[in-house]
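Report on one structure; see the data block that follows.
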Amino acid sequence: KRLPQAIIIGVKKGGTRALLEFLRVHPDVRAVGAEPHFFDRNYERGLAWYRDLMPRTLEGQITMEKTPSYFVTKEAPARISSMSKGTKLIVVVRDPVTRAISDYTQTLSKKPDIPTFESLTFKNRTTGLIDTSWSAIQIGIYAKHLENWLLHFPIGQILFVSSERLISDPAGELGRVQDFLGLKRIITDKHFYFNKTKGFPCLKKAEGSSKPHCLGKTKGRTH
1 KRLPQAIIIG VKKGGTRALL EFLRVHPDVR AVGAEPHFFD RNYERGLAWY
51 RDLMPRTLEG QITMEKTPSY FVTKEAPARI SSMSKGTKLI VVVRDPVTRA
101 ISDYTQTLSK KPDIPTFESL TFKNRTTGLI DTSWSAIQIG IYAKHLENWL
151 LHFPIGQILF VSSERLISDP AGELGRVQDF LGLKRIITDK HFYFNKTKGF
201 PCLKKAEGSS KPHCLGKTKG RTH
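UniProt numbering puts the first residue of the sequence shown at 1, with every later residue one more than the last.
Next comes the structure, spelled out in structure tokens:
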């Protein structure tokens with residue numbers, strides 16, 4: 001078991017689960033299923049605890065995890081850098097407006113009595129002043145969060161993946177990710193088919209299964 005050499009650090013509602021599921025098709029990628037939340041919520045448990053969560057790997061395989069809240073966690077860049085300065089970071093970015101709506105829709109499904117999206121978004125409807133303190137908006141101010149990461153990591157160690165292209169051209173985006181991780185381009189067009197009902201690409205065969213694999217019911221919700 002090894003500490004991860006690459007981490008998907010964000011963003012929430014960007015398509016991080018889809019990216020990780022797609023990457024797991026690669027024989028040289030081993031990933032943790034659940035989000036460890038080590039660098040934001042569980043840091044005091046220590047690196048030995050974190051390492052223990054990781055899957056076993058062979059020489060030449062890459063260990064990965066994803067926790068999208070790292071991107072907006074102030075302490076995360078310094079903590080990851082102190083684990084290893086060479087960690088490769090992946091951020092799945094999505095149009096901040098559709099990302100915020102998606103975030104709101106997810107919250108709404110759990111808490112049906114929250115205020116409307118508009119009333120949470122605008123401080124002042126007349127002037128169109130936006131309330132940037134609301135987390136659904138806050139997460140989408142990518143440049144602000146990125147500044148914090150660039151204090152600890154060179155830009156060349158951070159790959160931005162387009163959420164929109166992950167849907168329209170999954171093989172193309174996965175090509176970029178495989179190159180960034182130094183992996184052979186094994187995941188290609190032949191691994192995907194487009195599910196018209198969900199409007200989402202699905203894997204023809206998931207890791208360790210002979211059946212096609214689409215993400216769960218809550219993924220690809222319409223807004």
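Virtual Cβ for every residue (Gly too), placed ideally from N, Cα, C.
Nearest to residue i (by Cα), restricted to the options the options
i      : options                         : result
Arg94  : Phe39, Gly46, Asp113 and Leu19  : Leu19
Thr57  : Arg30, Pro77 and Ile187         : Arg30
Pro170 : Lys190, Phe117 and Asp103       : Lys190
Ser133 : Thr121, Leu203 and Ser102       : Thr121
Phe160 : Lys196, Tyr142, Gln5 and Lys198 : Tyr142
Residues bridged to residue i [DSSP beta-bridge criterion]
i      : result
Gly10  : Val91
Cys214 : Partner(s): none; Cys214 has no beta bridge.
Phe192 : Leu203
Ser168 : DSSP lists no partner for Ser168.
Ala34  : DSSP lists no partner for Ala34.
Leu159 : Ile90
Ile186 : In the DSSP output, where bridge partners are listed per residue, Ile186 has none listed.
Val29  : Ile62
Anticipated Cβ contact below 8 Å, residue i with residue j, distance rounded
i      : j      : result
Val100 : Gly128 : Checking the displayed sequence, the identity of residue 100 turns out to be Ala instead of Val. Not quite, the Cβ-Cβ distance comes to about 15 Å (not below 8 Å), so this is no contact.
Ile114 : Thr105 : Contact doesn't hold; Cβ gap of about 11 Å is too wide.
Arg51  : Lys1   : 6 Å
Asp103 : Thr67  : Incorrect: roughly 16 Å between the Cβ atoms, too far for contact.
Ser69  : His37  : 7 Å
Residue environment, residue i, which counts as buried when at least 16 other CB atoms sit within 10 Å
i      : result
Gly60  : exposed
Arg24  : buried
Thr188 : exposed
Gly10  : buried
Val97  : exposed
Gly182 : exposed
Glu147 : exposed
Phe22  : buried
Pro27  : exposed
Ala48  : exposed
- Return the chain-ordered ranges of every alpha helix (DSSP H) run that is complete within the stretch 53-127 and spans a minimum of 4 residues. Counting only runs of 4 or more, we get 76-83, 96-110 and 117-121.
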